[in-house]
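The sequence shown lines up with residues -22 to -1, 1 to 154 when you count with mature numbering (1 follows the signal peptide of the UniProt record, and there is no 0).
These notes are about the structure you will find just below.
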Amino acid sequence: MKKNLLFVAILLAGVSFNKANAQNATLTLNLAALQSIKINTVAVNIDFATAADYTNGKSSGAIADQIEIVSTGIFTVSVAASGPLSTGTAINDIPLSALTLTPTLASSSTTIVPTLNVVTTLAPAVPKAFIKSAVGTSNAKFSVNYGISPGVGSVNLLNRPAGAYKTTVTYTIAPN
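Next up, the structure:
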């Protein structure tokens, strides 16, 4: 019995001297607010070559995955044009009222349900809300269809010299 008590005493002494040590570390994750926009197709061409084009208007068709968005929170993408479609001679300018931009949610790994606005009345350098989302996204892609309307009696397109009429379309992302 004394041997058992001695054994238990030695065992308890060993356990009390062999306590585990523990230390804590603090992990801090610092999240920054981020809104990023990438334009994948930077040149869009619409060719008017037939009578039907001048009568009915024409569009680019959907430019697939043209806009890519990453945003850590709610966001709005706005669109603006630098000025009328022009060859450099103001008298021949095609008004921005001839231009229609239509966004659609494209191939994305996102689950957002954005508000998409068809923009039909651009004014030079005046941004219009184009895409809005109430939640962030890590990979939303949008296609854009650019349309040109001939206007009543084709007024937007007639009596202008042949040539390449250009404007710069600017997309901007901002938090709401």
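Ideal placement from N, C-alpha and C gives every residue a C-beta, glycine not left out.
As the structure is a computational prediction, the values presented were derived from the model and not from experiment.
Using a Cβ distance threshold of 9 Å, Asp43 and Ser121 count as a contacting pair. Here Leu9 has Thr50 as same chain residues with Cβ atoms under 8 Å from its own Cβ, once five neighbours each way along the sequence are excluded. If you draw a straight line from the Cα of Ala11 to the Cα of Thr93, it comes to about 21 Å. For the stretch 50 to 138, the continuous beta strand (DSSP E) assignments of 3+ residues that do not extend past its boundaries occur at 53 to 59, 77 to 83, 106 to 111, 115 to 126, in sequence order.
Look at the beta carbons and you see the stretch 81 to 93 not touching the stretch 14 to 26: under three pairs across the two are nearer than 8 Å. A direct Cα-to-Cα measurement between Val22 and Thr115 gives close to 26 Å. Residue state for Thr148 is assigned as strand, using DSSP reduced to three classes. Note that the C-beta distance between Gly129 and Ala76 is below 9 Å. Under the three-state reduction of DSSP output, Ala(-3) falls in the coil class, being neither helix nor strand. Per DSSP, reduced to three states, the secondary structure at Asp25 is coil, with no helix or strand assignment. Inter-residue distance for Ile151 and Ile41 is about 19 Å (C-alpha atoms, whole angstroms).
Taking the Cα positions, Val147 is about 7 Å away from Ser60.
Note that the C-beta distance between Thr80 and Asn123 is below 9 Å.
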